[in-house]
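The sequence shown begins at 510 in the numbering used here and counts up by one.
Encoded as structure tokens, the structure appears first; notes follow it.
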Amino acid sequence: MQGEIKIRRMRKEDIPRASHIERLSFPNPWSSNIFSVELEKEDFAFYYVMEYRHSLVAHAGYWKIRNEAHLVTFAVHPSFRRKGLGSRLLQYLLKEMEKQNLDKVTLEVRSSNSTAQKFYQESGFKRIAIRAQYYIDTDEDAIVYWKILHPPLHYKPA
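Following this line, the structure appears as structure tokens:
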């Protein structure tokens with residue numbers, strides 16, 4: 510599987526497949542229109558896809574906000590989960606963020622999504638807060654995670 514995987518920037522023609530993976534992955538998935546709008550925000554929105562044997566199997570995206578990255582979507586097709594692809598895609602994103610000199614990355618996970626919580630914790634993310642009733646479709650809480658990529662010059666550990 511190693512040599513058959515490619516990670517690259519998302520393009521407009523990837524949107525139908527990315528939207529399909531969203532629908533399989535989330536109770537309130539992004540629409541094709543949301544992806545289209547996001548891809549136009551090239552100055553601060555960065556979206557990537559993972560291909561396996563030329564078929565799109567995962568996607569992820571983040572916003573660059575000052576010196577931080579905010580991971581806004583991350584999904585792997587159900588048939589390709591638990592094969593290390595999510596970890597590989599996340600590591601690729603973290604390297605891209607570091608190339609952009611971003612100091613940390615934040616994200617939210619549904620409180621009911623224990624699989625994602627475990628994934629991010631095993632990837633070095635720390636649980637830092639709860640956003641009450643964050644998800645409007647179910648009033649579910651969000652668990653906020655963050656990871657320091659490299660300490661900023663003014664950072665002083667406690």
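Ideal Cβ placement from N, Cα and C applies to all residues, glycine included.
For residue i, the three-state DSSP class (helix, strand or coil)
{"i": "Leu598", "result": "helix"}
{"i": "His529", "result": "helix"}
{"i": "Ile543", "result": "helix"}
{"i": "Glu522", "result": "helix"}
{"i": "Glu649", "result": "strand"}
{"i": "Lys613", "result": "strand"}
{"i": "Leu548", "result": "helix"}
{"i": "Asn603", "result": "Checking the displayed sequence, the identity of residue 603 turns out to be Leu instead of Asn. It is helical."}
Opening and closing residue of the beta strand (DSSP E) in which residue i lies
{"i": "Ser588", "result": "No beta strand (DSSP E) contains Ser588, which DSSP labels as neither H nor E."}
{"i": "Leu565", "result": "Ser564 to Ile574"}
{"i": "Glu560", "result": "Ala554 to Tyr561"}
Within 9 Å, strictly: CB atoms of residue i and residue j
{"i": "Glu649", "j": "Ser623", "result": "no"}
{"i": "Phe544", "j": "Ile574", "result": "no"}
{"i": "Ala584", "j": "Glu531", "result": "yes"}
{"i": "Leu598", "j": "Ala625", "result": "no"}
{"i": "Tyr571", "j": "Arg518", "result": "no"}
{"i": "Val618", "j": "Ile652", "result": "yes"}
{"i": "Leu616", "j": "His579", "result": "yes"}
{"i": "Lys592", "j": "Met559", "result": "no"}
{"i": "Ser632", "j": "Lys604", "result": "no"}
{"i": "Tyr654", "j": "Lys627", "result": "no"}
Residue interval of the alpha helix (DSSP H) (run including residue i)
{"i": "Glu513", "result": "Glu513 -> no alpha helix (DSSP H), and no H or E assigned at all."}
Worksheet item: Are at least three pairs of beta-carbons, each pair with one atom in the segment 610 to 625 and one in the segment 555 to 570, less than 8 Å apart?
Response: no
Discussion item. Could you tell me which whole alpha helix (DSSP H) segments of length 4 or greater appear in the segment 616 to 646?
Written reply: 623 to 631
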